[in-house]
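Asks: Quick one: this structure, given as structure tokens, is what I'll be asking you about.
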Amino acid sequence: MERTVDPHEAQRLECLHRYQVLDTPPEAEFDRITRFVKHLLEAPIVIICFVAVRRTWLKSSVGTNIHEMDRESVCCGEAIRRDEPFVVGDLHADPRFQNDPMVKFEGARSYAGAPLITPDGYRIGTLAVYDHHPREFTPEQRTFLQDLAAIVIDTLELRLTVLNWKQAQERSEHLAHHDALTGLPNRLMLLDRAEQALRQADRRGTPVGMLVLDLDGFKVINDSLGHAVGDALLRAVGERLSHVLRAEDTVARFGGDEFVVLLPELRGTLDAANVALKLQETLREPFQVRSHTLVTNCSVGISLYPADGRDAEALLRAADTAMYQAKAVGKGQCCFYEEEMTRAAQEKLHLRGRLAQALEREEFRLHYQPQVDLGTGRVIGLEALLRWPQPDGSWTPPGQFIPLAESSGLIVPLGAWVLREACAQLGRWRERGSLGVDLSVNVSARQWEDPSFPEQVRRVLGEAGLPPERLVLEVTESVLFSNPQGARRLAQGLASLGVRVAVDDYGTGFSNLRQLQHLPIGQLKLDRSFVQPLPGGDKDQALVRSAVTLARGLNAAVVGEGIETEGQLTALRRLGCTVGQGFLLGRPVGAEEFEARHLRP
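Just so we're aligned: 483 in the UniProt record's numbering is position 483 of the sequence shown, and the numbers increase by one with no gaps anywhere.
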């Protein structure tokens, strides 16, 4: 029997598949309907069937063992073309259905089928009856069959609602316990598994290991190649870690570039160390991500139960503390937890709280150190240096609080305060006649990474009434070249304002000279490690001379930092350094003292 193609067949099939009913096991709700129809219509064969691409599949039936039929030869294939019940009083007299399996194998002589019509109007199957003798079904029976077909659809809708709810629950449960990006267990699941592992360890007397891994250099990859590449790398890292570990181990992602590994039933400390080294070795193999070959490594902190913590949270804190200690040692390091680390971490936490409070209360002070023209001895500039006084009269060293401000993010508001305060102070000095002095302000990595930083600088200069050419922003080599493209955009944005950029601590960050040529650099500040050996030998002087030559090629001034002796001063003059800074020329002092010493006639 040739079948006319329904123009909406694709949508009908999509609707059918949405119910997820094909090839599913028998269900009592549908079987009750077929039994009820058999009893009420006194029909020996009753089926609920769904019509797919080439087949008619029976979800429920009574009176037959047939489960599937060819779509082209059966009555149900014709019934789904109609909105009303389709009736054949004598199947033997209708040549279209001579190959219907119900006719050939079950002795059926008559048929009545009501289409199963979905709420959006698609006919996906039938509720049908067959009889063993010719039969004309009454209008009441046809209406009854149609009403029961609607109940089948209602049952399908309810079934779909329950199914969707269960799937949503499963998805919600999965998302609650898994990382959305990598599909790995998240913090909640890892801690749950860790508590189970600890209870088992108590029974068996075996140690449990916790490893915290932090990818080295991930931020540079993410910033330079984009978040899509960064996300793909994180997924690849998760897959690689999972393949290396045992089935009973758990690798989780806690967000960012941090992964945590749970190692139950270890034999000893050496096992945990071996796993950490194996994971590092695995991650050192290059990753192919979106046409990029990426090389990374990780810093690993290791804690052990029961020595380093009595519960999962404590064990995790210990491993996290050890990881930060590993990063402090250097990239690609492993470090076991030691109790002393916790005391140091608590001290840092306390200091961070005081730091935030001091920023809110504006307890910080700026000291200024002169920059001197080595040819004339005249003060031509000053560097603003942040200081933190304490109630007992002491000063917290910058080396203690600056790194903490950077790691906590407080460096951003702190750096903004320094820029505002220093520019405002130079503005006041200019009003009193000190017009020929430049101001140097240090810029943190967090500030430098903000694309809106040039606009912030423009606003501060306007508020202070300060000419842009009097401001020099100092950025370290490592920060400047961690993202060369971003550095170029930011430096050009500042140069367009008239603000100069200085490379601070030059010679410590292994600058790419070609990249340096493309940046509008106003100063190279020669690191004190180059100045201290002077006058020194030929090699020491050659290093300084090469920096001076480079600066001249870039049309930039060279500032020698850390000048403490007359010998250093004389050598720098002879080697062509034009500007100097250091204790020999003037120590950092408060604004009033600086004005009295260096700005008043």
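Cβ coordinates follow ideal geometry from the N, Cα and C atoms, glycine included.
Rounded to whole angstroms, how far is the Cβ of G427 from the Cβ of L466, which I believe are closer than 8 Å?
Replies: The Cβ separation is near 5 Å, so the contact holds.
Asks: List the DSSP bridge partners of W388.
Replies: According to DSSP, W388 bridges with T396.
Asks: Between L156, Q325, D179, which has its C-alpha nearest D31's C-alpha?
Replies: Ranking the options by Cα distance to D31, first place goes to L156.
Asks: Under the rule that 16 or more other beta-carbon atoms within 10 Å means buried, what is L316, buried or exposed?
Replies: Buried, since its Cβ has 16 or more Cβ neighbours within 10 Å.
Asks: Would F218 and T296 be called neighbours here (beta carbons separated by less than 8 Å)?
Replies: Yes; because the gap between Cβ atoms is below 8 Å, this pair is in contact.
Asks: For S434, which residues of its own chain have a beta-carbon under 7 Å away from its beta-carbon, when the five flanking residues on both sides are left out?
Replies: The residues are L599.
Asks: Apart from the five residues just before and just after D249, which ones in its own chain have a Cβ nearer than 6 Å to its Cβ?
Replies: The answer, listed in chain order, is L263.
Asks: Quickly, what does DSSP pair M323 with across the bridge? List them, please.
Replies: In DSSP, M323 forms no bridge with anything.
Asks: State the DSSP-derived secondary structure class of K525, mapped to helix, strand or coil.
Replies: Strand at K525.
Asks: Looking only at its chain, what residues have a beta carbon closer than 7 Å to the beta carbon of P454, apart from the 5 residues adjacent to it on each side?
Replies: Taken in chain order, the residues that qualify are L490, G493, L494, L497.
Asks: G113 and A79 - do their beta-carbons sit closer together than 8 Å?
Replies: Contact flag set, yes.
Asks: How should Q371 be labelled, buried or exposed, when 16 other C-beta atoms within 10 angstroms of its C-beta is the threshold for buried?
Replies: Buried.
Asks: I need the DSSP call for T293, collapsed to helix, strand or coil.
Replies: Residue state, collapsed to three classes: strand.
Asks: Helix, strand or coil for A201, going by three-state DSSP, please let me know.
Replies: Helix, per DSSP.
Asks: Below 8 Å between beta carbons: does that hold for A464 and A502?
Replies: No, Cβ-Cβ distance for A464 and A502 is not below 8 Å.
Asks: Output the boundary residues of the alpha helix (DSSP H) element that contains C15.
Replies: Run containing C15: 9-18, per the alpha helix (DSSP H) assignment.
Asks: Does the separation of the CB atoms of G567 and V531 fall below 8 Å?
Replies: No, the Cβ-Cβ distance between G567 and V531 is not below 8 Å.
Asks: Determine, using beta-carbon pairs with one atom in the region 322-337 and one in the region 225-242, whether at least three such pairs fall under 8 Å.
Replies: Output reads no: the region 225-242 does not touch the region 322-337.
Asks: Which of the three DSSP states, helix, strand or coil, is assigned to I153?
Replies: Looking at I153 - three-state DSSP - the assignment turns out to be helix.
Asks: Please go through the region 50-115 and give each complete alpha helix (DSSP H) segment of 4 or more residues, from N-terminal end onward.
Replies: The qualifying runs are 75-79, 101-106.
Asks: In whole angstroms, what separates the C-alpha of L16 from that of V152?
Replies: If I take the Cα positions, the gap works out to 13 Å.
Asks: According to DSSP, what are the bridge partners of Y130?
Replies: DSSP output for Y130 lists I45, Y111 as bridge partner(s).
Asks: Tell me L211's beta-bridge partners as DSSP assigns them.
Replies: DSSP, once it has assigned bridges, lists V261, I302 as partnering L211.
Asks: Is it buried or exposed, R470, if we count other Cβ atoms within 10 angstroms and call 16 or more buried?
Replies: Answer is buried; the Cβ neighbour count reaches 16.
Asks: Given this structure, state the Cα-to-Cα distance separating F510 from L480, to the nearest angstrom.
Replies: With a pLDDT of 47 at F510, under the threshold of 50, the modelled position of that residue is not reliable, and no figure is offered here.
Asks: Just list the residues that DSSP pairs V579 with in beta bridges.
Replies: V579 pairs with D373, V559.
Asks: Between the C-alpha atoms of D154 and K104, what's the straight-line distance to the nearest angstrom?
Replies: The alpha-carbon atoms of D154 and K104 are separated by roughly 33 Å.
Asks: Tell me whether the beta-carbon of V441 lies closer than 8 Å to the beta-carbon of L414.
Replies: Taking 8 Å as the Cβ cut-off, V441 and L414 do not qualify as a contacting pair.
Asks: Provide the residue span of the beta strand (DSSP E) that contains T250, from first to last.
Replies: It spans 250-255 - the beta strand (DSSP E) in which T250 sits, taken as one unbroken run.
Asks: Helix, strand or coil for N442, going by three-state DSSP, please let me know.
Replies: Strand.
Asks: Which value, in whole angstroms, describes the spacing of the CA atoms of R12 and A319?
Replies: Rounded to whole angstroms, R12 to A319 spans 56 Å at the Cα level.
Asks: Ends of the beta strand (DSSP E) at T476?
Replies: First-last of the beta strand (DSSP E) with T476: 471-476.
Asks: Suppose the cutoff is 6 Å on Cβ atoms and the five residues either side in sequence are ignored; what does the same chain contact list for A591 look like?
Replies: Cβ within range, chain order: Q425.
Asks: In angstroms with no decimal places, state the Cα-to-Cα distance between V208 and P306.
Replies: Their Cα atoms are separated by approximately 8 Å.
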